[in-house]
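Novice:
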Amino acid sequence: MEDFEQELARLWSLSSALKEAKEKKDSLQEKLNSLLQVKAESLNRSNELEEMQQRLDDRKFVTGDMSMQSKIVEEDIKKKEERLGLEVRSLLVAGTALSVSRNRLQVILVNTLLD
């Protein structure tokens, strides 16, 4: 009978230890699940931030490219304005020369008619 009681006490102790180990395992599993969920959310946020950074970098590249194109167009416009200014000055000089020639021709014609 004493052996039976000892065996029963040992089984009771083992059962209690097993129950305690299972409770600890369940508690650790809950903590692990919680940590895994936090890690997954963190990874999702990290991916979203990376995508946002990529879009921002793409926009910066496009903006930089547009800025470069804008500068090229601006320089082209300045060159065309300078050429146009030179052509206008050339036309003014030619117009003045033409006017002087016309006046001289009129003087010659008047003198010829008067002679």
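Residue numbers for the sequence shown follow this note's numbering, so the first one is 1 and each next one is one higher. All C-beta atoms, glycine included, are put in the ideal place defined by N, C-alpha and C.
Does the beta carbon of Arg10 fall short of 7 Å from some heavy atom of the ligand FAD?
Specialist: Absent from the structure shown: the ligand FAD. Ligands present: none.
Novice: Does Asp115 come out as helix, strand or coil in the three-state DSSP assignment?
Specialist: Within the sequence shown, residue 115 is the residue found at index 115, counting from 1. Secondary structure of Asp115 (DSSP, three-state): coil.
Novice: Taking the straight line between their C-alpha atoms, what separation do you get for Asn111 and Arg83?
Specialist: Looking up residue 111 in the sequence shown gives position 111. Looking up residue 83 in the sequence shown gives position 83. C-alpha separation (whole angstroms): 41 Å.
Novice: So, for Leu86: in the same chain, excluding its five sequence neighbours on each side, which residues have a beta-carbon less than 6 Å away from its beta-carbon?
Specialist: Translated into positions along the sequence shown, residue 86 becomes position 86. Cβ neighbours of Leu86 beyond the five flanking positions: none.
Novice: Just verifying my parser: in three-state terms, what is the DSSP assignment at Met134?
Specialist: There is no way to answer for residue 134, as the model of the chain reaches only from 1 to 115.
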